[in-house]
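Contents: one structure, followed by commentary.
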Amino acid sequence: MPHYNLREYPLQQGALEIAYIEEFFNEFPKRKTANEIMSRLEDRECQILMAEAPLDDGTVVPVSYKVSHELRENETDPALADLVERLKGSVVFTGRRILYNWLGATRLDWRGRGHFRALTEEQEAWAINLGFDEVVVKTKNRYYDMRGALDTLQFNVIKLEVAPDMMDAKVYLSKSLGLSVLDAHRSHRQVTRA
Ligand SMILES: CC(C)(COP(=O)(O)OP(=O)(O)OC[C@H]1O[C@@H](n2cnc3c(N)ncnc32)[C@H](O)[C@@H]1OP(=O)(O)O)[C@@H](O)C(=O)NCCC(=O)NCCS
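Numbering (my numbering) for the sequence shown: 4 to 197.
Here is the structure:
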């Protein structure tokens with residue numbers, strides 16, 4: 004497996020970077036603004052990670068990103084409170100630390116080269132070190148690439164919310180974090196903290 008160069012961003016710089024690249028990396032962009040990203044991530048544990056790789060001319064560019072944050076039992080933000088409500092019954096919050104995979108994608112022409120695995124493995128190592136118990140992610144039936152990747156990365160489906168169009172059904176997945184997760188890691192990574 005090749006070597007991956009990852010960069011971990013502080014909040015403000017990371018929010019600007021993510022707001023900029025989401026539009027170009029993800030064919031289903033929700034077009035989050037830097038302010039939206041900042042306001043969700045400030046005052047909670049979070050991680051903004053990017054993988055970088057050189058173009059043919061040697062210029063190093065971001066090719067994959069992943070943004071995650073802590074999700075608590077008593078969220079006040081309406082969107083997060085709603086998410087917690089939907090997860091209750093599938094995820095135990097009390098006395099446990101839950102990490103939520105909020106945003107992530109790999110640039111189309113860089114897919115299938117292990118960048119998302121490298122980001123995921125770095126995130127898991129970070130989360131285990133901080134004492135997180137479980138990582139949760141939400142997607143939709145229609146996002147087959149993401150579902151395929153999450154399957155390979157050993158996420159379990161914990162809930163399905165049906166919709167009139169089954170392509171829009173929401174799929175919730177999770178992975179328990181324990182030291183054994185690290186045993187499955189394969190990527191060689193170097194992380195720069197910007
Ligand atoms: C999902 C996505 C992030 C994967 O990124 P990637 O950099 O290509 O992933 P990787 O190359 O690191 O692959 C990780 C593992 O998942 C597997 N995988 C990746 N895409 C897959 C797919 N479409 N189907 C099946 N498996 C897949 C890979 O084979 C790899 O397994 P391995 O490490 O055992 O060989 C990328 O396809 C993407 O950005 N998709 C659009 C984003 C999206 O769907 N957003 C919807 C909102 S949730």
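Where a beta carbon is used, it is the ideal one built from N, C-alpha and C, also for glycine.
Secondary structure of residue i, DSSP reduced to three states
{"i": "A187", "result": "coil"}
{"i": "P81", "result": "helix"}
{"i": "Y146", "result": "coil"}
{"i": "A130", "result": "helix"}
{"i": "S42", "result": "helix"}
{"i": "G151", "result": "helix"}
{"i": "T62", "result": "coil"}
{"i": "A86", "result": "Just to set this straight, residue 86 is Leu in the shown sequence, not Ala. In the structure shown, L86 sits in a helix (DSSP, three-state: H, G or I)."}
{"i": "L182", "result": "helix"}
{"i": "E76", "result": "coil"}
{"i": "T109", "result": "strand"}
{"i": "T123", "result": "helix"}
{"i": "L197", "result": "Residue identity check: residue 197 is Ala in the sequence provided, not Leu. Here A197 sits in coil by DSSP."}
{"i": "A22", "result": "helix"}
{"i": "L163", "result": "strand"}
{"i": "A37", "result": "helix"}
{"i": "Q50", "result": "strand"}
{"i": "L14", "result": "helix"}
Where residue i falls, given that 16 or more other Cβ within 10 Å makes a residue buried
{"i": "F31", "result": "exposed"}
{"i": "G117", "result": "buried"}
{"i": "A187", "result": "exposed"}
{"i": "N38", "result": "exposed"}
{"i": "D36", "result": "Looking at the sequence itself, residue 36 is Thr, so the reference to Asp does not match. Flag for T36 reads exposed."}
{"i": "F158", "result": "buried"}
{"i": "P65", "result": "buried"}
{"i": "F27", "result": "exposed"}
{"i": "V63", "result": "exposed"}
{"i": "S177", "result": "buried"}
{"i": "N29", "result": "buried"}
{"i": "G92", "result": "exposed"}
{"i": "T109", "result": "buried"}
{"i": "G107", "result": "buried"}
{"i": "A121", "result": "buried"}
{"i": "A82", "result": "exposed"}
{"i": "L185", "result": "exposed"}
Whole-angstrom C-beta distance between residue j and residue i, which should lie under 8 Å
{"i": "S183", "j": "Y7", "result": "Not quite, the Cβ-Cβ distance comes to about 22 Å (not below 8 Å), so this is no contact."}
{"i": "M53", "j": "S67", "result": "7 Å"}
{"i": "K143", "j": "N104", "result": "The pair is not a contact, with the Cβ atoms about 14 Å apart (cut-off 8 Å)."}
{"i": "R34", "j": "E45", "result": "Going by Cβ atoms, the distance from R34 to E45 rounds to 20 Å, so no, they are not a contact pair."}
{"i": "V94", "j": "V139", "result": "6 Å"}
{"i": "Y12", "j": "I51", "result": "4 Å"}
{"i": "E127", "j": "L180", "result": "6 Å"}
{"i": "E73", "j": "I101", "result": "7 Å"}
{"i": "E137", "j": "R192", "result": "The pair is not a contact, with the Cβ atoms about 22 Å apart (cut-off 8 Å)."}
{"i": "Q16", "j": "A197", "result": "6 Å"}
8 Å Cβ cutoff, residue i in contact with chain B
{"i": "L180", "result": "Absence of chain B from the displayed structure is noted, only one protein chain being present."}
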